[in-house]
Structure formats: structure tokens, C-alpha cells
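Colleague: My questions will all concern the structure given below.
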Amino acid sequence: MIKHLKIIDYALASLFRRKYKSLAIITAFTLVVAALASILLFSSALKTEAAHLLDSAPDLIVQRTTGGRHDLIPAEYTEKIKDIAGIGAVTGRYWGYYYDPLTGANYTVQGTDGTAKNLELLDGRLPADRGECAIGAGIAAIKKTGTSGELILVNSSNTGVLYEVVGVFRAASSLLTNDLIILANEEVIDFFGYPPGKATDVAVQVYNKNELQTIAGKVKKLLPDTRPITKSELVRTYDMVFNWRSGLMLTVFSAAVIAFCILAWDKATGISADEKQEIGILKAIGWDTADVLALKFWEGLIIALTSFLLGTIAGFVHVFFLAAFLLAPVIKGWSVVFPEFHLTPHLDPYIVFTLGFLTVTPYVASTIIPAWKTAITDPETVMRG
Amino acid sequence: MQEKTYIRTLNVRKVYNPGKPDEITALHDISVAIDRGRMTVLKGPSGSGKTTLLSAIGCMSRPTAGSILIDNRDVVKLPERFLTDLRRKKFGFIFQQFHLIRNLSVLENILLPLYPTDMMPAEMKKRATAVMTNLAMAGKERLKVKNLSGGEQQRVAIGRALINDPAVIIADEPTAHLDKKLAAEFMQILAGLCEEGRTVVIATHDPFIYEHGLVSKTIAMRDGRLEKEH
Numbered sequence: 003m004i005k006h007l008k009i010i011d012y013a014l015a016s017l018f019r020r021k022y023k024s025l026a027i028i029t030a031f032t033l034v035v036a037a038l039a040s041i042l043l044f045s046s047a048l049k050t051e052a053a054h055l056l057d058s059a060p061d062l063i064v065q066r067t068t069g070g071r072h073d074l075i076p077a078e079y080t081e082k083i084k085d086i087a088g089i090g091a092v093t094g095r096y097w098g099y100y101y102d103p104l105t106g107a108n109y110t111v112q113g114t115d116g117t118a119k120n121l122e123l124l125d126g127r128l129p130a131d132r133g134e135c136a137i138g139a140g141i142a143a144i145k146k147t148g149t150s151g152e153l154i155l156v157n158s159s160n161t162g163v164l165y166e167v168v169g170v171f172r173a174a175s176s177l178l179t180n181d182l183i184i185l186a187n188e189e190v191i192d193f194f195g196y197p198p199g200k201a202t203d204v205a206v207q208v209y210n211k212n213e214l215q216t217i218a219g220k221v222k223k224l225l226p227d228t229r230p231i232t233k234s235e236l237v238r239t240y241d242m243v244f245n246w247r248s249g250l251m252l253t254v255f256s257a258a259v260i261a262f263c264i265l266a267w268d269k270a271t272g273i274s275a276d277e278k279q280e281i282g283i284l285k286a287i288g289w290d291t292a293d294v295l296a297l298k299f300w301e302g303l304i305i306a307l308t309s310f311l312l313g314t315i316a317g318f319v320h321v322f323f324l325a326a327f328l329l330a331p332v333i334k335g336w337s338v339v340f341p342e343f344h345l346t347p348h349l350d351p352y353i354v355f356t357l358g359f360l361t362v363t364p365y366v367a368s369t370i371i372p373a374w375k376t377a378i379t380d381p382e383t384v385m386r387g
Numbered sequence: 535m536q537e538k539t540y541i542r543t544l545n546v547r548k549v550y551n552p553g554k555p556d557e558i559t560a561l562h563d564i565s566v567a568i569d570r571g572r573m574t575v576l577k578g579p580s581g582s583g584k585t586t587l588l589s590a591i592g593c594m595s596r597p598t599a600g601s602i603l604i605d606n607r608d609v610v611k612l613p614e615r616f617l618t619d620l621r622r623k624k625f626g627f628i629f630q631q632f633h634l635i636r637n638l639s640v641l642e643n644i645l646l647p648l649y650p651t652d653m654m655p656a657e658m659k660k661r662a663t664a665v666m667t668n669l670a671m672a673g674k675e676r677l678k679v680k681n682l683s684g685g686e687q688q689r690v691a692i693g694r695a696l697i698n699d700p701a702v703i704i705a706d707e708p709t710a711h712l713d714k715k716l717a718a719e720f721m722q723i724l725a726g727l728c729e730e731g732r733t734v735v736i737a738t739h740d741p742f743i744y745e746h747g748l749v750s751k752t753i754a755m756r757d758g759r760l761e762k763e764h
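In the order they appear, the protein sequences are chains A and B.
Read in order, the letters of the first sequence correspond to residues 3 to 387 in the numbering used here.
Read in order, the letters of the second sequence correspond to residues 535 to 764 in the numbering used here.
Take a look at the structure:
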């Protein structure tokens with residue numbers, strides 16, 4: 003034990019002795035870990051946010067399609083769907099997207115249907131009458147308003163409409179509510195100029211979740227011009243979108259990681275004459291091969307763990323406190339969540355392990371292997387150069 | 535009663551790059567005896583094989599053939615970890631270029647052989663202080679060796695060789711970088727070590743050493759062969 007503590011002490015002293023070189027490696031290594039951590043944490047956080055969002059999603063959404071495109075659905079379809087056995091509540095939903103030219107942001111405007119009731123309000127209440135609205139924290143910030151404040155939107159007739167803000171949302175996910183404006187259902191119909199008796203889509207509650215696919219099939223058979231979308235399909239789509247985007251980033255970024263590994267390998271395999279001689283001296287004066295390897299292991303581990311720790315913290319801060327400003331445009335894509343939003347800070351142990359495995363292990367290995375090659379030769383050979 | 539001979543080589547042969555075009559035989563069947571508690575010198579011109587023989591005696595390299603007996607125990611076929619243990623416990627090395635770690639302090643260099651042991655740091659420092667005092671290096675513990683003079687660097691090398699309290703001191707061309715005065719001081723230090731009962735083996739081509747009165751045995755070498763022993 004004492005022996006290992008002394009070897010660790012010597013390893014630390016060695017790193018301080020080569021402080022500029024050690025600092026340069028730690029800096030480069032930290033940047034690589036930070037970038038990798040940002041990608042993994044960001045895509046994981048988005049998936050978590052999506053999972054929160056989908057928690058409140060209906061079991062089945064029925065959309066009408068015309069010419070393969072989403073179209074408004076007649077209100078009488080809800081009655082037909084209700085007749086299918088195993089179905090609970092069937093609710094017509096009213097929603098649409100609104101582009102605000104003043105702020106250059108896209109908002110989601112939604113009626114007070116079943117989904118809105120699941121959202122947690124930071125302050126105030128949901129709209130009960132016309133002329134009232136509840137908004138996401140992102141919109142409140144961008145429009146500099148809040149509860150008891152006002153919000154002016156331009157409707158489909160190009161007329162400005164004034165709403166009183168009666169509530170501001172908070173959710174486990176700010177992604178869920180950040181760009182959201184909730185109005186009374188009738189207000190949404192008027193605002194977008196939807197024809198009477200038509201909804202945007204229909205939310206369906208299914209009692210037995212195992213029967214979802216069967217029910218979806220029945221809906222499709224009963225109403226051939228509709229497209230039933232199950233909750234699991236939504237989950238899969240979100241996962242695929244974020245996996246694809248983070249995968250794309252990882253692919254691009256893996257080039258940088260590989261470059262770093264090559265650099266580390268080159269640095270290590272091209273073990274300098276001084277380092278070779280030092281190993282030879284240590285061997286000659288009685289250090290065992292295992293002692294030399296322990297020394298190099300600790301040197302590599304100290305550098306790798308320091309960089310790993312700093313890089314992970316930097317990635318965490320970048321994603322959760324600086325809104326991932328370097329990655330967001332790529333991973334979020336065009337995004338309906340245009341206003342600034344902050345992800346809920348969360349550190350998945352699996353991600354930490356993956357990061358550690360991808361960064362610490364190769365570096366330590368690339369430090370030890372060449373040292374081992376040098377340490378197993380006769381000290382006389384090493385010292386003669 | 536202890537046997538007079540401490541180290542014995544029997545028909546030691548050393549071939550570098552065997553089987554390759556640049557194969558070279560550095561030692562041809564060398565058999566010598568090193569007496570316990572005495573100063574023995576291996577002398578000869580450059581390329582005569584004295585450093586190679588010194589390395590083999592000090593367990594730093596294995597001979598291609600032959601035996602090396604230390605205290606009547608053949609060490610040639612011992613596994614590497616036993617050779618390391620022998621180097622640490624029995625030998626103290628003073629190299630031609632000193633082979634100190636330049637960016638370490640005097641104290642750290644001297645303590646190097648004690649790191650991979652279970653000796654407590656306080657005991658290590660106590661030993662180092664005693665060694666440095668004997669070598670008139672007290673007060674210079676924190677200096678970096680790269681800032682020391684040649685003579686001081688050699689004392690650090692001697693201190694490092696002595697820190698394990700070894701039975702044998704092995705020195706390769708120890709006066710190559712010293713002037714006459716420092717060389718004389720060095721020989722006095724070695725004489726003191728012999729008086730303490732340590733065996734000293736020196737490889738040199740410096741007449742100042744091999745003609746010195748303290749030397750009890752001289753082994754002359756040329757082209758990897760024994761020329762004369764007296």
C-alpha cells in the first residue's frame with residue numbers, strides 16, 4: 003500500500019515536472035470529452051424531454067389525410083370512433099402553428115383539450131373564456147409578459163387579437179410548454195379560421211394498451227381516409243429523430259476523437275528518448291517492470307480522469323446552463339421550439355460510463371503499452387539508447 | 535567464515551543481435567572472480583567489453599551463455615523480477631553519464647530506488663539525510679540536479695547508489711567527466727565504502743584509477759577477451 007502511494011506521489015511529481023506538456027494534453031483531452039459529453043447529454047436530455055411530452059400524449063391520435071397530407075377531421079368522426087369496443091374518451095383537438103414575425107419565432111397554439119389539463123402551471127390558471135390565454139415560459143420571456151399581462155397575436159384574417167395572459171406554464175419539460183399558447187377551443191377555431199364542425203385531429207383513450215394496434219386497425223378500416231398514430235409510434239419517431247441527429251453529430255465528431263486517439267497513440271508510442279532513458283534508469287536502480295507500468299498507469303489515469311471530469315462538467319454546463327448553444331442548431335433542427343429553452347439537468351450513469359469507456363480507457367492503454375515495451379527490455383539496452 | 539570471492543563469472547559470452555547481419559560478440563567466454571570487500575577494476579580501451587561485463591555482473595543484462603555466481607548462486611536464469619530484486623538489494627550503480635533525472639531535485643534522485651519499496655517516507659528521508667551528510671551534500675536537497683556541477687552530480691549519483699545500503703558498488707567510467715581533484719575525491723569516497731566492507735567494481739580506462747593504490751585487483755580486457763588479471 004505504502005509502495006503504491008509512493009508511486010502515485012512520484013507519478014504526480016512527474017506530471018508537474020512536465021507541466022506544460024501535461025497541461026497541453028489535458029486541454030486537448032478536455033475539449034474532446036466536453037464535445038462528446040455535450041452530444042451525448044444533449045441527445046439524452048432531448049429524449050427525456052420527449053418522453054415527458056409523450057407521457058401526456060393520448061393513447062391514439064387519429065388524423066385525417068387528404069392526398070397524403072394532414073387535413074382537418076370532421077367532428078362526426080369522433081362519434082364513429084366511440085362506437086368501437088374498448089375505447090374510452092374521444093376528444094377532438096384544435097391546434098396549429100403560429101409564426102410571430104416580430105420575434106421570428108414559431109409558437110404552437112392549442113385548444114383547452116385533455117392534453118392541456120396535464121400541464122403544470124407555474125402561475126395562474128388555464129383559460130376559461132374567450133380573450134384569455136395561458137403561455138409557455140419561453141413566450142412569456144420573449145414577449146416580456148406574464149400573468150395578468152397581455153399578448154397580441156395576428157389571426158388568419160390578418161387582424162390583431164388581444165389576449166389576457168391568465169397563466170404561465172412550467173413542466174418537467176420546458177420543451178413541452180416553452181412555445182405553447184393555450185386558448186379556449188372556440189378561440190382556436192376562430193383564430194385559425196377553421197370551418198365549423200372540424201377539428202385538427204382526434205385524441206382517443208384506449209382501455210387496454212395491448213389492444214392499441216388492433217384498435218388502430220379498426221379505426222383505419224372504419225375510416226379509410228384517416229391515419230391512426232399510436233403512442234409507441236410517436237415514441238419511436240422521436241427516438242429515431244434524435245438518435246439520427248445525435249448519430250450524425252457523433253459520426254462527424256468521431257473523426258475528432260479518432261484524430262485525438264492517433265495523437266495520443268503517437269505521443270505514447272513515440273515515447274521520447276528522455277522518457278525511455280528514465281524508464282531504463284528506474285529499471286537499473288531496482289524498479290520492477292510492474293512498478294514502471296504502475297507509474298505510467300497512474301500518470302495516464304491522472305491525466306485522463308482530470309480531463310474526463312473537466313470535460314464532463316464543461317459538457318454538462320454547456321448543455322444545461324448555456325442551452326447547448328454550439329449543438330442546438332444541429333440536433334434540434336428547424337424546431338417548433340424556437341424560443342430559447344433550458345433542458346432539465348440530468349446525468350445518466352450509463353452516459354457517464356460510456357464517456358469514460360470511450361475516453362479514459364484508450365488514453366490509459368496508449369500510455370501503458372509503449373511503456374511496457376520499453377520496460378520489458380534489459381535496462382542496459384534502454385540506457386545505451 | 536565468508537568466502538573470499540563474492541562474484542564469479544564462468545565462461546560468460548555476450549552476443550548482440552544474434553543471427554543478424556550486424557551480430558557482434560562483445561564478450562568471449564570471460565571467467566573472472568570479484569573479491570568481497572575489495573576494489574576491483576576492469577580496464578581496457580573503448581570497445582573492449584568492460585561495460586558489457588559490468589552490466590552482466592550487475593544483473594542489468596543477461597549473458598548469451600555462461601554463468602554468473604553471486605554469493606555462489608547462479609543468477610543468469612533467474613526470472614526478471616528476481617534480478618530486479620537483486621539490483622535493488624545488492625547493487626548500487628554509478629553510471630558514466632550519472633544518469634540522473636535532470637528535472638528532479640537532489641533528494642528526489644537519491645530517493646528513487648526506495649519508491650517501489652514499503653519503506654515509510656520518514657525513514658526514506660532519514661536515510662537520505664545521512665547519505666547526503668556523508669557526501670557533503672547537506673543543504674542541497676531541494677536543488678535541481680541540472681543546476682549542479684559535474685562533481686556534485688556525481689555525488690548525487692553516489693548517494694543514489696548508496697541509499698539501499700548495497701553490498702556491491704558498480705561504477706562505469708566514473709571519472710570520465712571529472713577533473714583530477716574531483717577524481718581523487720571520488721576515489722577517497724570509494725575507499726571509505728571498501729572500508730565499510732562493500733565490494734566495489736569499476737570499469738575504466740583512466741590510469742588514475744587503475745594505478746591507484748586502493749585498487750586490489752585489475753582485470754585487463756581487449757576486444758571482449760581477458761588480457762591480463764593481477
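Even glycine gets a Cβ: it sits at the ideal position worked out from N, Cα and C.
Since we're looking at a predicted model, the values are computed, not measured.
Helix or strand or just coil, what does DSSP make of B:Thr-538?
Modeller: Here residue 538 of chain B turns out to be Lys, not Thr, going by the sequence shown. Looking at B:Lys-538 - three-state DSSP - the assignment turns out to be coil, as it is neither helix nor strand.
Colleague: Between A:Pro-230 and A:Lys-223, is the Cβ-Cβ spacing less than 8 angstroms?
Modeller: no
Colleague: Look up A:Asn-180 in the DSSP assignment and say whether it is helix, strand or coil.
Modeller: coil
Colleague: Give me the Cβ distance between A:Pro-60 and A:Gln-207, rounded to the nearest whole Å; I'm assuming they're in contact under 8 angstroms.
Modeller: 7 angstroms
Colleague: Pick helix, strand or coil for B:Thr-615, following the three-state DSSP scheme.
Modeller: Strictly speaking, residue 615 of chain B in this sequence is Arg, with Thr absent from that position. Reduced to three states, the DSSP call for B:Arg-615 is helix.
Colleague: Nearest to B:Leu-648 by CA position, among A:Pro-198, A:Gly-88, A:Tyr-79 and A:Ile-9, is which residue?
Modeller: A:Ile-9
Colleague: Hey, does B:Glu-557 have any beta-carbon neighbour from chain A nearer than 8 angstroms?
Modeller: No, because no Cβ of chain A sits closer than 8 angstroms to the Cβ of B:Glu-557.
Colleague: Using the rule of at least 16 other Cβ atoms within 10 Å of the residue's Cβ for burial, across every protein chain shown, is B:His-633 buried or exposed?
Modeller: buried
Colleague: Can you give the Cα-Cα distance for A:Thr-308 and B:Arg-636, rounded to whole angstroms?
Modeller: Using only the alpha carbons, I get a separation of about 26 angstroms.
Colleague: At 3 residues or longer, and completely inside the region 624–658 of chain B: list those beta strand (DSSP E) runs for me, N to C.
Modeller: 625–628
Colleague: Since B:Val-654 meets chain A, which of its residues come closer than 8 angstroms, beta carbon to beta carbon?
Modeller: Correcting the residue type first, residue 654 of chain B is Met in the shown sequence and not Val. By Cβ distance, chain A contributes Ile-4.
Colleague: Under three-state DSSP, which class holds B:Ser-595?
Modeller: coil
Colleague: Given a cut-off of 8 angstroms, decide if B:Ala-567 and B:Arg-607 are closer than it, judged by their beta-carbon atoms.
Modeller: no
Colleague: Quick one: Cα of B:Ala-656 to Cα of B:Leu-760, how far?
Modeller: 46 angstroms
Colleague: Could you have a look at A:His-54 and say whether DSSP puts it in helix, strand or coil?
Modeller: A:His-54 falls in the helix class under three-state DSSP.
Colleague: Counting only the same chain and skipping the five closest in sequence on each side, list residues whose C-beta sits under 7 angstroms from that of A:Phe-340.
Modeller: At A:Phe-340, the pLDDT of 45 sits below 50, so the modelled position is not reliable; the number obtained from the coordinates is stated separately. Closer than 7 angstroms at Cβ, skipping near neighbours: Ala-107, Asn-108 and Asp-181.
Colleague: Taking 8 angstroms as the threshold (beta carbon to beta carbon), is A:Ala-286 in contact with chain B?
Modeller: Chain B contact via Cβ: present.
Colleague: Which residues in the same chain have their Cβ closer than 8 angstroms to the Cβ of B:Ile-644, if we skip the five residues on either side of it in sequence?
Modeller: Ala-662, Val-665, Met-666, Val-690, Gly-693, Arg-694 and Ile-697
Colleague: Could you compute how far the alpha carbon of A:Ala-13 sits from the alpha carbon of A:Glu-51?
Modeller: Between A:Ala-13 and A:Glu-51, the C-alpha separation is close to 43 angstroms.
Colleague: I want to verify the contact list: residues of chain A whose CB lies under 7 angstroms from the CB of B:Arg-622, in sequence order.
Modeller: Under the 7 angstroms cutoff, chain A gives Gly-288.
Colleague: Just checking: is the beta-carbon of B:His-739 within a distance shorter than 8 angstroms of some beta-carbon in chain A?
Modeller: no
Colleague: Closest Cβ-Cβ distance between B:Ile-770 and chain A: below 8 angstroms?
Modeller: Absent from the structure is residue 770 of chain B, since the part of chain B shown begins at 535 and ends at 764.
Colleague: Which residues in chain A have a C-beta closer than 8 angstroms to the C-beta of B:Asn-698? List them in chain order.
Modeller: Gly-288
Colleague: With respect to 7 angstroms, is the separation between the Cβ of A:Asp-85 and the closest non-hydrogen atom of the ligand COA below this value?
Modeller: Of the ligands one can find in the structure shown there are none, so the ligand COA has no counterpart to examine.
Colleague: Closer than 7 angstroms, Cβ to any Cβ of chain B: which residues of the region 293–322 of chain A, in chain order?
Modeller: Asp-293
Colleague: Which term fits B:Ile-722, buried or exposed, when burial requires 16 or more other beta carbons within 10 angstroms of its beta carbon?
Modeller: Per the sequence shown, residue 722 of chain B should be read as Gln rather than Ile. Exposed, since its Cβ has fewer than 16 Cβ neighbours within 10 Å.
Colleague: For A:Phe-327, does the three-state DSSP call read helix, strand or coil?
Modeller: coil
Colleague: Please report the straight-line C-alpha distance between A:Ser-24 and B:Lys-584, rounded to a whole angstrom.
Modeller: Separation of A:Ser-24 and B:Lys-584 (C-alpha to C-alpha, rounded to the nearest whole angstrom) is 40 angstroms.
Colleague: Given that A:Tyr-22 touches chain B, what residues does it touch there, using C-beta distances under 8 angstroms?
Modeller: Per Cβ cutoff of 8 angstroms: no residues; A:Tyr-22 is ~12 angstroms from chain B at best.
Colleague: Taking beta-carbon pairs under 9 angstroms, can you tell me which members of the region 559–579 of chain B lie near chain D?
Modeller: Annotation note: the requested chain D is absent from the structure, which comprises protein chains A and B.
Colleague: By the three-class DSSP mapping on this structure, what secondary structure does B:Ala-672 have?
Modeller: Note: B:Ala-672 maps to coil in three-state DSSP.
Colleague: Taking DSSP as the reference, what is the three-state secondary structure of B:Lys-751?
Modeller: strand
Colleague: Between A:Val-366, A:Arg-132, A:Thr-29 and A:Leu-155, which has its C-alpha nearest A:Thr-114's C-alpha?
Modeller: A:Arg-132
Colleague: Could you check which residue in B:Gly-600, B:Gly-726, B:Ser-639 and B:Glu-707 has the C-alpha nearest to that of B:Asp-675?
Modeller: Looking at the sequence provided, one finds Glu at residue 675 of chain B rather than Asp. Among B:Gly-600, B:Gly-726, B:Ser-639 and B:Glu-707, the Cα nearest to that of B:Glu-675 is on B:Ser-639.
Colleague: Any contact between the region 154–167 of chain A and the region 80–91 of chain A? By contact I mean 3 or more CB pairs, one from each, below 8 angstroms.
Modeller: no
Colleague: How would you list, in chain order, the residues of chain A whose beta-carbon sits under 9 angstroms from the beta-carbon of B:Tyr-649?
Modeller: Counting only Cβ-Cβ distances below 9 angstroms, B:Tyr-649 has contacts in chain A at Lys-5, Lys-8, Ile-9, Asp-11, Tyr-12, Leu-284, Trp-289, Asp-293 and Leu-297, in chain order.
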